[in-house]
Every structure is written in C-alpha cells, then in structure tokens.
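The block underneath contains the structure these notes are about, expressed in structure tokens.
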Amino acid sequence: MTDTARGHGTSGLALAPHRVGAMVLRYLYLLRSSWSRILELIYWPAVQLFVWGFLQFYIAQNSGFFARAAGMFIGAVLLWDILFRGQLGFSVSFLEEMWSRNLANLMISPLRPIEFVAALMIMSIVRLAIGMVPVTIFAIVFFGFNFYSLGIALAVFFLNLILTSWSVGIVVSGVVMRNGMGAESLAWTVMFVLMPLTCVYYPVAVLPDWLQWVAWVLPPTYVFEGMRALVLERTFRGDLMLAAFVLNLVFFAIAVAVFLALLRSARRIGSLLQSGE
Amino acid sequence: MPSSVPAIEADRLSKVYTARGRTTLAVDGISFALAPGSVTGLLGGNGAGKTTTIAMILGLIEPTAGAARVMGSDMARERYRMLHRMNFESPYMDMPNRLTVRQNLTVFGRLYAVEDLAGHIAALAGQLDLADLLDRPTGKLSAGQKTRVSLAKALINRPDILLLDEPTASLDPDTADWVRGHLERYRTERNATILLASHNMAEVERLCERVIIMKRGRIEDDGSPAALLARYGRDNLEEVFLDVARGRGEAAREAAQ
C-alpha cells in the first residue's frame with residue numbers, strides 16, 4: 008500500500024476519514040466517561056429555556072402583540088443556544104486537549120489541522136444534539152412551542168448558525184493554541200460580544216443607524232430577523248438566509264486561514280510543546 | 005531512497021525565541037547526521053537546547069535558520085510525509101486522563117492507521133507489562149505506569165524513528181532496566197533509529213553508540229561513549245558530563261592527551 012493510499016500524502020489539505028473518526032472516537036470516549044459533562048450540556052440550555060419561556064408567558068398575558076408572537080422568545084433562545092453551544096462544543100473539545108496536555112501528541116501524529124478541525128465540528132454537533140434535543144422537548148411539553156414545526160426553515164437557520172459558531176470556535180481555538188490557557192476565557196465569553204449586535208431578542212431597527220451596519224455584517228443577525236419574520240409574519244425570508252450563507256462562507260474561510268496562521272505562529276514560538284499558561 | 009540518506013539530520017539548525025523584546029538563543033547552528041538504525045544520546049544540562057532540538061526534528065517548532073530533516077524530508081515543510089513513521093515520548097506531554105489505557109492506545113492507533121490494532125495493543129501491553137492496566141483510566145495510574153503507557157503510545161505505530169525525552173524518568177530501577185531492554189530489542193528487531201535525551205548517564209552508556217553533548221544551544225562534543233571517556237580521561241559519562249557542564253571540558257581533554 009502506498010503512503011498516499013493510507014492517507015499519508017504530503018498535502019496539508021488532504022483529509023483522511025480514519026483520522027477524523029479517531030478524534031471523534033476520542034471525544035465520545037470522554038463524554039461516555041463523564042456524566043457531569045453530559046449533564047452540563049443539558050443544564051444551561053434548559054435553565055435558559057425556562058427563564059425565557061416563563062417570561063414570555065407573563066408578557067403574553069399583558070400584551071396583545073406578544074400574545075400574537077407566541078414562541079418568539081423561545082424560538083430566539085433556542086436559536087441562540089445553537090449559536091452559543093455550537094461554538095462552545097467546538098471550543099471545549101479543543102480545550103480538552105489543552106487541559107489534558109495532549110496537544111503535542113496530536114501535533115506529532117499524522118493528524119492534519121483540517122482533520123482536527125473537522126473532528127471538532129462533528130463534536131460540536133454531537134454536543135449540541137445532546138443538549139438541545141431534550142430542551143426542545145421541554146419547550147413542547149412546558150410551553151407548547153414545537154421548535155421542529157419551523158420545518159425546512161429550521162434546517163436553514165441551523166446551517167447558518169452552526170457555520171458561524173464553527174468560525175468563532177476555530178479562531179478561539181487558534182488563539183488558545185497560540186497563546187496558551189491564559190486565553191481560555193475567550194472560549195466562554197466571546198459569543199456574548201455578538202449577542203447584542205446580532206439582535207437575538209429584538210429587531211435590527213432598534214439599533215442606532217451606525218450599529219445597524221455592524222449588525223448586518225454578522226450572519227446570525229439575518230437568522231434572528233428571519234426567525235422573527237417567520238413567527239410574526241409567517242414569511243420565510245430566503246433572501247436573508249442566502250445573504251447569511253454567503254457571509255458565513257467568507258467568515259469560515261477567514262477563520263480557517265487565521266487558525267492556520269496561528270498554528271504557524273505557535274510553531275515559531277514553541278507553544279505547541281508547552282500548552283500551559 | 006538510497007540508504008546513505010541520514011535517518012535524522014540537523015543542518016545548521018538554529019532557534020531563537022523572542023518574547024517581550026527579549027531574544028533567547030536556544031539552539032545555535034548545530035549540525036549532525038544520524039545513521040539509520042543507530043541509537044544516539046543527546047546530553048546536556050537544563051536549557052542546553054535538547055528538547056528544542058527534538059521538537060524541531062518533530063516539526064513541533066519551526067527553526068529560525070537551518071533545517072531538520074528526517075529521511076531527507078524537511079520537517080518544517082514536509083512533516084506529513086514522515087510523521088506516520090516517527091513517534092515521541094516526553095514528560096512534557098500527557099494523555100487524556102479520563103480515557104482508559106486501551107481507549108488512548110486505540111485512538112492513537114487509529115490516527116496512525118495501525119493494522120490489527122487490537123492485536124497490536126495486546127502485544128504491546130504484554131511487552132510493557134500493561135495487560136492488567138488496559139481498562140483502567142490513565143489518570144489513575146502511578147507515574148511509572150504512566151511512563152510505560154506513554155512508551156506504548158510512542159511504539160503504537162512501530163516507528164522507524166523514535167525520539168525519547170527522559171524515557172525512564174520516574175521508573176524504579178528494575179522497571180527502568182526492563183524498559184531499556186525493551187528499547188534495545190525494539191531497535192534490533194525494527195532497525196529503528198533512536199534519539200534519546202536523558203540525564204541518566206548509565207542509561208546513555210548502555211543504550212547509545214553515539215553521544216552528542218549540548219551546552220547553551222551548541223554541540224560541545226560528539227562521539228561514542230568510549231571515545232568520549234578516552235578524550236576526557238574519565239571512567240564514566242557522568243564525569244564527562246560534569247566536565248562539560250562546569251566549563252572544565254577543555255582542561256580535561258588537554259589533561260587526558
């Protein structure tokens with residue numbers, strides 16, 4: 008068997024499914040070994056759902072508009088969790104390598120950066136599913152909001168949000184890899200910078216004019232506007248989703264380029280061997 | 005590829021670290037070539053540049069100047085051509101603690117596309133006395149047991165090039181001796197090239213046919229253990245090491261002549 012046939016080709020962009028599978032297996036072993044990790048995946052999305060769900064109940068009793076917009080807050084909180092938990096699922100899987108001082112073992116193995124990223128993307132979906140599926144069932148049972156009734160729109164929303172979450176996760180992981188665990192807090196906080204700008208709970212029109220320009224650069228803004236259009240006006244805004252997708256492709260390409268640049272920089276400063284603070 | 009190609013080659017290899025305006029010369033233009041199937045010891049005090057040199061050979065650190073080549077491939081640019089034929093064990097690295105030994109070895113075996121992985125893990129466990137530990141979490145093992153697991157990981161892909169950083173650190177004398185025996189057998193059976201950094205001079209004398217002594221990023225001396233002992237007029241490598249480390253190497257060499 009040739010080297011290339013076994014997936015040992017020289018191209019840094021070659022992707023071998025067996026190595027991606029090995030990394031996914033590594034993270035599944037970890038999740039299987041730790042009930043606390045699994046519980047944590049469900050705990051915070053569930054808390055968020057109940058807070059916003061009951062708030063929506065209260066407002067709906069006192070406002071005709073919100074009574075008509077039943078599900079808007081719950082829809083927003085669930086979509087926000089896709090964005091936030093998607094990024095966290097990606098970043099935490101990466102941080103597991105830093106916490107266990109295993110990064111250098113991976114970097115001296117034939118694992119390519121692109122395969123590592125692919126495995127982290129898969130794990131972000133796995134971790135998201137573990138957290139979100141029970142919570143969407145809670146939304147049906149406790150608040151009568153069926154997230155899945157959004158149908159094909161939900162798939163488009165999900166695709167756009169998960170792409171953004173991966174882009175942010177890739178950059179955060181690169182920064183932690185380059186700068187060490189001192190940058191770990193970025194993984195937990197960076198998405199909250201986007202929260203007010205992406206207009207999760209209110210329309211973009213609420214923002215000052217100059218800030219609206221910033222908001223429209225961010226793909227999730229289009230998704231949350233699209234969700235409100237669907238819930239309030241029963242209209243699926245394909246134009247918004249297409250714009251978000253194009254922006255996501257651009258951001259994803261930039262994120263991968265930044266990650267590879269940070270990896271090169273980490274090799275220059277020697278931070279791959281000593282992945283501490 | 006012709007057999008005259010060195011298994012490992014450092015060609016005027018340098019590394020300068022720059023942090024907050026301060027530069028540190030970690031490795032200063034060193035050159036050496038290791039023949040396939042040889043065992044070489046890299047000696048030097050703390051901060052001599054041994055780990056940085058090994059990291060550049062692995063492609064973990066990019067040289068500031070010069071090149072580190074493995075089987076003729078430049079590791080800064082062509083590392084993926086060679087990494088599946090190499091492996092490394094170091095106290096700087098750990099393995100996921102919550103995973104069992106078997107799970108860790110399975111993950112690394114799959115990364116290296118090892119054939120008959122389950123059988124190979126069982127064989128390695130037998131050779132390194134890990135059979136009873138395979139289903140225990142790696143984090144629950146003693147330091148010595150973890151070292152043996154790290155060694156099993158380093159051997160999981162049957163590497164042609166094996167780089168070891170303190171391979172018997174934290175092992176009791178009996179286990180350390182046993183591990184050295186295993187490395188000798190592995191080298192003989194696979195004709196593997198081994199480069200090992202160690203502070204254990206007895207280990208270096210036993211395993212290595214060549215010793216490279218580094219100090220402040222430079223190669224201070226290079227030769228077989230017997231040649232070094234003769235050159236410094238000493239009875240063991242520890243005394244040679246102390247001569248070099250304490251700056252009296254030249255005087256010792258002159259006195260021996």
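Protein chains in written order, with the numbering used here: chain A, 8 to 284; chain B, 5 to 261.
Note that beta-carbon positions come from the ideal geometry of N, C-alpha and C, so glycine has one too.
Are there 16 or more other CB atoms within 10 angstroms of the CB of residue i, so buried, or fewer, so exposed?
i, result
"Gln63 (chain A)", "buried"
"Gly4 (chain A)", "Missing from the structure shown is residue 4 (chain A); chain A here goes from 8 to 284 and no further."
"Ser98 (chain A)", "buried"
"Leu17 (chain B)", "buried"
"Thr213 (chain B)", "A quick correction: the sequence has Glu, not Thr, at residue 213 (chain B). Counting Cβ neighbours within 10 Å, Glu213 (chain B) comes out exposed, since fewer than 16 surround it."
"Ala59 (chain B)", "buried"
"Ser174 (chain A)", "buried"
"Asp176 (chain B)", "exposed"
"His25 (chain A)", "exposed"
"Glu263 (chain B)", "This structure cannot speak to residue 263 (chain B), because chain B is shown only from 5 to 261."
"Phe61 (chain A)", "exposed"
"Ala212 (chain A)", "exposed"
"Val58 (chain A)", "exposed"
"Leu157 (chain A)", "buried"
"Ala29 (chain A)", "buried"
"Asp169 (chain B)", "buried"
"Gly185 (chain B)", "exposed"
"Met188 (chain A)", "exposed"
"Glu284 (chain A)", "A caution first: Glu284 (chain A) carries a pLDDT of 43, below 50, which makes its placement in the model too unreliable to give a value."
Express the C-alpha separation of residue j and residue i in angstroms, rounding to a whole number.
i, j, result
"Arg119 (chain A)", "Leu35 (chain A)", "20 Å"
"Ser100 (chain A)", "Arg102 (chain B)", "14 Å"
"Ser146 (chain B)", "Pro210 (chain A)", "58 Å"
"Thr192 (chain B)", "Leu167 (chain B)", "16 Å"
"Thr17 (chain A)", "Val263 (chain A)", "In this predicted model, Thr17 (chain A) has a pLDDT of only 44, less than 50, meaning its place in the structure is not dependable enough to derive any value."
"Leu127 (chain A)", "Gly251 (chain B)", "50 Å"
"Gln261 (chain B)", "Ala52 (chain B)", "27 Å"
"Asp247 (chain B)", "Ile217 (chain B)", "11 Å"
"Asp98 (chain B)", "Ala158 (chain B)", "12 Å"
"Phe165 (chain A)", "Ser192 (chain A)", "25 Å"
"Val23 (chain B)", "Arg275 (chain A)", "The sequence given here places Ala at residue 23 (chain B); Val does not occur at that position. So the alpha carbons of these two residues sit roughly 11 Å apart."
"Asn240 (chain B)", "Ala194 (chain A)", "52 Å"
"Ala11 (chain B)", "Glu66 (chain B)", "19 Å"
"Thr143 (chain A)", "Arg81 (chain B)", "48 Å"
"Ile261 (chain A)", "Ala230 (chain B)", "56 Å"
"Asn186 (chain A)", "Ala126 (chain B)", "39 Å"
"Ala251 (chain A)", "Trp223 (chain A)", "9 Å"
"Glu254 (chain B)", "Arg235 (chain B)", "10 Å"
"Lys19 (chain B)", "Gly25 (chain B)", "16 Å"
"Leu279 (chain A)", "Met114 (chain A)", "8 Å"
"Arg108 (chain A)", "Met79 (chain A)", "43 Å"
"His88 (chain B)", "Trp106 (chain A)", "25 Å"
"Tyr96 (chain B)", "Ala14 (chain B)", "22 Å"
"Ser131 (chain A)", "Gly96 (chain A)", "4 Å"
"Leu46 (chain A)", "Gln55 (chain A)", "15 Å"
"Gln107 (chain B)", "Lys54 (chain B)", "31 Å"
"Ala129 (chain B)", "Ala156 (chain B)", "8 Å"
"Val208 (chain B)", "Gly49 (chain B)", "14 Å"
"Ser172 (chain A)", "Val178 (chain A)", "10 Å"
"Phe152 (chain A)", "Gly138 (chain A)", "17 Å"
"Asp164 (chain B)", "Arg238 (chain B)", "34 Å"
"Ser77 (chain B)", "Leu187 (chain B)", "25 Å"
"Phe259 (chain A)", "Ile61 (chain B)", "32 Å"
"Lys150 (chain B)", "Ile66 (chain A)", "58 Å"
Please name the residue or residues paired with residue i in a DSSP beta bridge.
i, result
"Phe61 (chain A)", "None, per the DSSP bridge assignment."
"His69 (chain A)", "The displayed chain sequence assigns Asn, not His, to residue 69 (chain A). DSSP output for Asn69 (chain A) lists no bridge partner at all."
"Ile223 (chain B)", "B:Met218"
"Asp78 (chain B)", "B:Arg73"
"Asn91 (chain B)", "B:Leu166"
"Thr104 (chain B)", "B:Pro141"
Whole alpha helix (DSSP H) elements within the stretch 13 to 75 of chain B, 4-residue minimum: 54 to 62
Restricting to runs no shorter than 4 residues, where is the alpha helix (DSSP H) found entirely within the stretch 118 to 151 of chain B? 121 to 131
Does the stretch 256 to 273 of chain A come close enough to the stretch 198 to 214 of chain A that 3 or more CB-CB pairs lie under 8 Å? No, they do not touch.
For the stretch 85 to 102 of chain B against the stretch 28 to 43 of chain A, do three or more pairs of beta-carbon atoms, one drawn from each stretch, fall closer than 8 Å, so that the two count as touching? yes
Say whether the stretch 212 to 222 of chain A touches the stretch 234 to 253 of chain A, bearing in mind that this needs 3 or more beta-carbon pairs closer than 8 Å, one atom from each stretch. no
Which runs of the alpha helix (DSSP H) at least 4 residues long sit entirely within the stretch 180 to 218 of chain B? Give them in chain order. Within the stretch 180 to 218 of chain B, the complete alpha helix (DSSP H) runs of at least 4 residues are 205 to 211.
Alpha helix (DSSP H) runs contained entirely in the stretch 96 to 149 of chain A, provided each spans 4 or more residues: 110 to 114
Within 8 Å, do at least three Cβ pairs link the stretch 219 to 228 of chain B to the stretch 68 to 85 of chain B? no
Counting pairs of beta carbons, one from the stretch 110 to 117 of chain B and one from the stretch 129 to 143 of chain B, are three or more of them closer than 8 Å? no
Does the contact criterion of 3 or more C-beta pairs under 8 Å hold for the stretch 31 to 48 of chain B versus the stretch 81 to 94 of chain A? No, the stretch 31 to 48 of chain B is not in contact with the stretch 81 to 94 of chain A.
What are the start and end residues of each continuous beta strand (DSSP E) run of 3 or more residues lying completely inside the stretch 190 to 242 of chain A, in chain order? As summarised for the stretch 190 to 242 of chain A, there are no continuous beta strand (DSSP E) elements at least 3 residues long confined to that stretch.
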